[in-house]
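Take a look at the structure set out below.
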Ligand SMILES: *Cc1c(COP(=O)(O)O)cnc(C)c1O
């Protein structure tokens, strides 16, 4: 059995080496992060928190978790952090569980505008089913309409407002969001899953001075193991001195059991890596690369939304996003189909694709490489039904990638 698994892992590794990865939420972790995830720490149960576990044998585990928490607090400049959430979605659910009662009103950005499912997407999600939810969108340029949001919030008076994006190529104005949330006394939560690495690198403003709670995945631009953290800011603590305790209790025992200590150690390794100068250069390069790629695609005549961060949206004809993503896949270029601002297609058959640079920048790509990639994309889109040409591009992609290591 395990032979079969390892054979497939070998195949997946070969795939990762031979294709261009432009999904903005993905990245390549370091050898050291992999070592931590694949370590003996996976053998240990440690329900509870450092110094108050429900199992024996956790002295060293306590030291590890404390170390990771301290490093995280320092990195983001926050007085409290919980690193136990299994991933971004459970972290966000824990925040709702900690701060609200079922039926309370929450407000988040629409999925179709670039928000996340966990920010109260109606009906089919935990937040959308157990809470009363109102959602905000973007204008025709794809930017948050702060005036519209102000009106919506004044009218609906939500108890909690999410600010966080998965497909939004612009800088978020934390100060404006804090004024809007403040006008109705709502909790303001920044979900920086996509941009955490950019915040650390100083190429996107930090929300820490403007919001009550910050949540984030640790495996996107931050380049750590799969997991998440929840941080409480000074502002949050000044509104409710028990806020940190409430978050801890919501994560365990509220939502989860034993923490995945191996992943937490991997987060610690990533926090350390993110605190050195090289990571600042990485963040800058991610944004520079995205800008060059967006400009090149615009020069080719594509309709591009963005970019001020690590990603962009490219619009094709109505409903043509999926077909385009599939053709690019055949050419060895991995993107995902995505809705665009003012979408006229559907979620399963939208008009655009989403492109991001975090993973290929980790591989060492620079501005010139982005120009090559833009060229590959242009050719693939021009030859969307031409299998022979797509196969030819795939071969060229493969040889182009030879000089980059994973
Ligand atoms: C990725 C993401 C999440 C969810 O994280 P998972 O680890 O996939 O559960 C939540 N919020 C935002 C903004 C994200 O980008």
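In our numbering, the protein residues as written are 302 to 707.
Where is the CB? At the ideal position from N, CA and C, for every residue including glycine.
Keep in mind it's a predicted model, so treat the numbers as computed, not measured.
- The beta-bridge partner set that DSSP reports for residue 657 consists of 612.
- Out of 367, 502 and 394, the CA that lies nearest to the CA of residue 581 is found in 502.
- For residue 448, the enclosing alpha helix (DSSP H) has its first and last residue at 447 to 457.
- Counting along the chain, the unbroken beta strand (DSSP E) around residue 433 starts and ends at 433 to 437.
- Note that the segment 516 to 536 does not touch the segment 349 to 362; fewer than 3 beta-carbon pairs, one per stretch, sit closer than 8 Å.
- One residue list follows from the rule of a beta carbon closer than 5 Å to any heavy atom of ligand 1, given in chain order as 388, 389, 390, 417, 465, 467, 492, 494, 495 and 518.
- Bounds of any beta strand (DSSP E) do not take in residue 583; it lies within the alpha helix (DSSP H) bounded by 578 to 600.
- The three-state secondary structure of residue 526, taken from DSSP, is coil.
- Cβ neighbours of residue 362 within its own chain (closer than 7 Å, five residues either side excluded): 345, 347 and 562.
- Residue state for residue 401 is assigned as coil, using DSSP reduced to three classes.
- In the three-state scheme derived from DSSP, where H, G and I count as helix and E and B as strand, residue 543 is classed as coil.
- By the 16-neighbour rule on beta-carbons within 10 angstroms, residue 661 is buried.
- Judged by DSSP in its simplified three-state form, residue 685 adopts coil rather than helix or strand.
- Closest by C-alpha distance to residue 541, out of 340, 358, 488 and 475, is 488.
- Less than 9 Å separates the beta-carbon of residue 478 from that of residue 464.
- Just so you know, the alpha carbons of residue 664 and residue 587 end up roughly 11 Å apart.
- Counting along the chain, the unbroken alpha helix (DSSP H) around residue 304 starts and ends at 303 to 319.
- Of all alpha-carbon atoms in 474, 622 and 319, the one lying nearest the alpha-carbon of residue 446 is that of 474.
- Within the same chain, Cβ atoms closer than 7 Å to the Cβ of residue 645 are found at 619 and 652, the five residues on either side in sequence being excluded.
- Runs of beta strand (DSSP E) with 3 or more residues, each lying fully within the segment 617 to 677, are found at 637 to 639 and 653 to 657, listed in chain order.
- When the five nearest sequence neighbours on each side are left out, the beta carbons in the same chain lying within less than 6 Å of the beta carbon of residue 411 are those of 436 and 438, in order along the chain.
- Here the C-alpha atom of residue 394 lies approximately 25 Å from the C-alpha atom of residue 637.
- Residue 518 is bridged by DSSP to 529.
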